[in-house]
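Since the structure comes first, as structure tokens, the remarks are kept for the end.
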Amino acid sequence: MADTTANKSASRGIALPRVNSRAVVMTLYLLFLLLPIYWLLNMSLKTNTEILNDFTLWPRDLTFANYATILTDPAWYMGYVNSLIYVVMNTVISLTVALPAAYAFSRYHFMGDKHLFFWLLTNRMAPAAVFALPFFQLYSSIGLFDTHIAVALAHCLFNVPLAVWILEGFMRGVPKEIDETAYIDGYSFGRFFVKIFMPLIASGIGVAAFFCFMFSWVELLLSRTLTTVDAKPIAAIMTRTQGAAGIDWGVLAAAGVLTIVPGALVIYFVRNYIAKGFALGRV
Amino acid sequence: MDWMAWTWPTAAFFGIIACTLIVFTILAIKFPETPRIGILRIETTRGDRLFITLLGSAFINLAWLGLVGANQPYALILCLIYAAAVFRWV
Amino acid sequence: MDKTVNQKAWFLVLPVLLLVAFSAVVPLMTVVNYSVQDTFGNNEFFWAGLEWFEEMLASERMWDALGRQLLFSAIILAIEVPLGVFVALNMPKSGFWASFCLVLMSLPLLIPWNVVGTIWQIFGRVDIGLLGYVLDALGIPYNYTQDSLAAWITIIVMDVWHWTSLVALLAYAGLKSIPDAYYQAAKIDQASRWKVFRFIELPKMMGVLMIAILLRFMDSFMIYTEPFVVTGGGPGNSTTLLSIDLVKMALGQFDLGPAAAFSIMYFLVILLICWVFYTVMTNLDKREG
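Laid out in structure tokens, this is it:
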């Protein structure tokens, strides 16, 4: 008895500094992650004269003029609208086609299923640079160049396989007996799928939607190649502004900060699902 | 289809690949695949061996082109030997 | 779970098949067609045979880019995987701080890639960036637009900043799936911290770690936007990775033939690596199950 208490206190003695060292590691790592983002935020709230002439750790001359420039000029804010349109379109298309396919992979063996799955996976891994030129030719020839749907379809290249992969993992966790009971009760496949099955894997659909949103939102090469004016994403508008004589650092930084906002909002809403989605290791 | 710039050799190439896939599908229907473990110590089915053969052949052709020069018929002979070996032992 | 054989499942997969065939197979066929022809614009093509393949295989430019690419991916993996595991081991297990860390760590993953580039481009500048300014003030010569070593360090640190969280989150998810009983057994055996890691945590994380390594390898192998925004492939060609070189060739110079030949070889390498990883992963799965 005395032995165990001694042991306990000893382990507590060791545990205490270990908790601290954990906190130190995490603090350092988060600091490393946040410092560059803070710097961008800091710059976006300064005037260009302050950015270029004084090196200040926080804005002395706080200004929201950079944000005002972006939010009042259609050439700027339409970039955000365009990006959001094709990202949402892509997420909807990807999920719609991926749901039945993932169900098939999770429930049935069929001829060539493994090869098909592997082939889908290779498309997730294929470099966008390989596809940029043929996509440009393809969408020009069918008259979809510079439309939102073209970018949405192009992003399906890597988002559909990803969605299938994630959803398959979630669906495998749903016992098969549920399907069988529903069929015995006289549900048709479609009604069963929408009424019973989809609510069961709601969190999986959320995670898949999150990753589709994320990868479509962050991609630049294809969306830039496939658009010129009408569907130009914000990311491409930013690169163009950089080329102008004398970079407007303040506005550039403000535009950067504004691109982080939708992502941050999405993370906040799905934070409890992210870990679960990662737990399945299907990213 | 104009923009795809088709040529006869590439069309034939894809035709052959498509035919191989169809033949293997029919084979899989007629004689169901049974996985086995070969010298690579991984489980392979007939379809897997076809994939290994095709991918390997692509690399053999590239290596031949880079090291020996443009004499692809010889490289293709090498590929056939390689294919036979894959189907026999892998 | 045992699955039933059902060939009708093909109908469920058909939409995916058609969509991905449209966006993957058609472009790939086009690339193959371009790779054997020469063009002077106007959609006029001339048969060139295997000339471009020969040219690309003999070109030092491609081999150099491949070498740089392999070096980059190797360094990235060597840093991000151990660091990610280390961070995951130190993350709070549950409660407010766990989700606090999760949210902040996911933040870099959600930033558009060119903004990631812009952030580091600004951050590293000697005149207006915190990192560059501090290094300069400390007397360390650092200029990523002139010095290739500094450029390399910048893009590597940037990638570590961008993607270590992904490895950490995956490893964290793997860790969370370990039942408490394992740790209690280890405590009874008075196993050291290292032994707990080596014999309990690492084997349980192996599956997710393989996926993390696969994803990090593939994504770093095709990285384009971030280093392009920061260095533009320079100084000289010192940070011209495979994708940067390819885009330069295909969209910049519009050299369809060589770019297509390059693309095919690039794709074959990816296919090979992908297959090796996939085979290893499925075999790991089988051994566990």
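Protein chains in written order, with UniProt numbering: chain X, 1 to 283; chain Y, 1 to 90; chain G, 1 to 289. Just so you know, even glycine gets a beta-carbon here, dropped at the ideal spot from N, CA and C. This structure is a prediction, so every number in the text was calculated from the model and none was measured.
- The stretch 157 to 169 of chain X makes contact with the stretch 6 to 22 of chain G; the number of CB pairs closer than 8 angstroms reaches 3 or more.
- In this structure L220/X touches N114/G by the C-beta definition: roughly 5 angstroms separates them, less than 8 angstroms.
- The straight-line gap separating the alpha-carbon atoms of T20/Y and G112/X is approximately 14 angstroms.
- Around the C-beta of P179/G, fewer than 16 other C-beta atoms lie within 10 Å, and the residue is accordingly described as exposed.
- Approximately 22 angstroms separates the beta-carbon atoms of I85/X and A254/X; this is outside 8 angstroms, ruling out the contact.
- Taking a C-beta distance under 8 angstroms as the contact criterion, M62/G and F262/G qualify as a contact pair.
- Contact between the stretch 143 to 156 of chain X and the stretch 183 to 191 of chain X is absent, with fewer than three C-beta pairs closer than 8 angstroms.
- Within the same chain, and ignoring the five residues on either side of W249/X in sequence, the residues whose Cβ sits closer than 7 angstroms to its Cβ are M43, N48, I51.
- By the Cβ test, the stretch 80 to 98 of chain G is not in contact with the stretch 196 to 213 of chain X, since fewer than three Cβ pairs between them sit closer than 8 angstroms.
- Under DSSP, no beta-bridge partner is assigned to V13/G.
- Here I155/G really is in contact with T239/G; their C-beta atoms are around 6 angstroms apart, less than 8 angstroms.
- Taking a contact to require three or more Cβ pairs closer than 8 angstroms, the stretch 29 to 44 of chain G and the stretch 119 to 138 of chain X qualify as touching.
- Pairing I42/Y with V276/G, the inter-Cα distance amounts to about 11 angstroms.
- Within chain Y, the residues whose beta carbon sits less than 8 angstroms from that of Y34/G are A5, listed in sequence order.
- Excluding five sequence positions before and after L70/G, none of the CB atoms of its chain fall closer than 7 angstroms to its own CB.
- Against chain Y, the beta carbon of W275/G has neighbours under 9 angstroms at F51, I52, L55, listed in chain order.
- Counted as a single uninterrupted DSSP element, the alpha helix (DSSP H) harbouring T10/Y occupies residues 8 to 30.
- At a beta-carbon threshold of 9 angstroms, none of the residues of chain X lie near L135/G; the nearest stands roughly 13 angstroms away.
- Under the three-state reduction of DSSP, E219/X is assigned to coil, being neither helix nor strand.
- Comparing alpha-carbon positions, the option among L135/G, W161/G, G49/G lying closest to L31/X turns out to be W161/G.
- Inter-residue distance for I264/G and L62/Y is about 11 angstroms (C-alpha atoms, whole angstroms).
- Chain X has no Cβ within less than 8 angstroms of the Cβ of G38/Y.
- None of the residues of the stretch 84 to 107 of chain G has a beta carbon lying less than 8 angstroms from any beta carbon of chain Y.
- Under the 10 Å beta carbon count, I111/G is surrounded by 16 or more other beta carbons and is classified as buried.
- No Cβ of chain X is located within less than 8 angstroms of the beta carbon of Q184/G.
- DSSP places F100/G inside the alpha helix (DSSP H), whose first and last residues are 96 to 106.
- Residue environment: R60/X is assigned as exposed (fewer than 16 neighbouring CB atoms within 10 Å of its CB, all protein chains considered).
- In the DSSP assignment, the residues bridged to V5/G are H109/X.
- For the stretch 64 to 77 of chain X, no residue has a beta-carbon sitting nearer than 8 angstroms to a beta-carbon of chain G.
- Between the alpha carbons of D54/X and F72/G lies a distance of about 36 angstroms.
- If you ignore the 5 residues before and after L40/X, its C-beta comes within less than 7 angstroms of the C-beta of A253, G256, V257, all in its own chain and listed in chain order.
- Straight through space, the alpha carbons of H115/X and I17/Y are spaced by roughly 15 angstroms.
- Under the rule that a run must span 3 or more residues, no beta strand (DSSP E) segment is found entirely inside the stretch 60 to 89 of chain Y.
- In this structure, the beta-carbon distance from Y172/G to M222/G does not fall below 8 angstroms.
- For Q37/G, the beta-bridge partners assigned by DSSP are W47/G.
- In the DSSP secondary-structure assignment, I213/G is not bridged to any residue.
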